[in-house]
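For the sequence shown, the residue numbers in mature numbering (1 follows the signal peptide of the UniProt record, and there is no 0) are -16 to -1, 1 to 191.
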Amino acid sequence: MKLLIFLTVIFIDVAAQFSASGQTAILNAHNALRSKISKGTYVVKGTTKPAGSNILKMTWDPTLAETAQAHADKCVFTPSATSGIGENINMFSVSREISDIDQYGFIAANGWENQFQHYGWSSNIFNKAMVQTVGQASQMAWAKTGLIGCGIKNCGSLPKSSSNRVLVVCQYKARGNTLNQYIYTSGKTCSSCPSGTTCETDTGLCV
């Protein structure tokens, strides 16, 4: 009698989504930057930037998170070109085993913000030069952007590579980085909050 051995292969989906704590970490990184700018305490290259009068506090949007996750699942390091939304993308190459994928959202946000620290910006009016230097940081700081949602995926390794790839995608509404428009309006903190919002004293942001 022949003994038939059946091998069951279990495929583990390396896709992931941000946990609640991961979402909070990303959101806090964005709002911390926005709060410092709004209060007039954000320092770049030794210069304190003017306070902002109209900067919204960001909130997490599940719909944006869903579309961001859909794009992250493709493991393609290119913009999604989704109509009407802003977007920041970061691909990490990780040489070790990935045990805490949540951390890469916060790391990505800090990296985007560091564009401001590295390049600085001389005008609050967004121009073509800023696209290649501070384009991701300016989207984080864009005053009229009030919603954010992000996705993440462990994309595994490429052939002949031992490094794992992690893709982070964050999408924003309203879309920022419009040429010849203000990143934010300078002025007394919260003095020009959009209609229907009020000033949150602790953060200096419009809610």
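Every residue gets a Cβ at the ideal spot worked out from N, C-alpha and C, and that includes glycine.
Nearest-angstrom beta carbon gap, residue j and residue i [assumed within contact, 8 Å]
i: Trp96; j: Ala121; result: 5 Å
i: Gly135; j: Ala52; result: 4 Å
i: Ser3; j: Gly171; result: That pair is no contact at about 38 Å.
i: Leu131; j: Thr43; result: 6 Å
Within 8 Å, strictly: CB atoms of residue i and residue j
i: Phe100; j: Tyr88; result: no
i: Val153; j: Ile73; result: yes
i: Gly160; j: Gly70; result: yes
i: Ala13; j: Phe61; result: no
i: Gln116; j: Tyr156; result: no
i: Tyr166; j: Asn111; result: no
i: Val27; j: Gly104; result: no
Residue environment, residue i, which counts as buried when at least 16 other CB atoms sit within 10 Å
i: Thr187; result: buried
i: residue 217; result: Because the chain spans -16 through 191 in this model, residue 217 falls outside it and cannot be assessed.
i: Ser83; result: exposed
Where residue i sits in the DSSP three-state scheme
i: Tyr156; result: strand
i: Arg80; result: coil
i: Tyr166; result: strand
i: Leu17; result: helix
i: Lys23; result: helix
Nearest-angstrom Cα separation, counted from residue j out to residue i
i: Lys20; j: Pro143; result: 44 Å
i: Thr114; j: Thr185; result: Residue identity differs from the one stated: residue 114 is Met in this sequence, not Thr. When rounded, the distance between both Cα atoms is 31 Å.
i: Val191; j: Lys33; result: 22 Å
i: His55; j: Gly30; result: 38 Å
i: Gly133; j: Asn94; result: 16 Å
i: Pro63; j: Ala49; result: 15 Å
i: Ala(-2); j: Gly140; result: Any reading at Ala(-2) needs caution, since the residue's pLDDT is 44, under 50, leaving its predicted position unreliable; the model's value is listed next. Approximately 10 Å, taken between the alpha carbons.
i: Val78; j: Ser147; result: 5 Å
i: Asp57; j: Leu40; result: 29 Å
i: Asn98; j: Gly119; result: 11 Å
Chain C within 8 Å of residue i, Cβ atoms only
i: Tyr168; result: Absence of chain C from the displayed structure is noted, only one protein chain being present.
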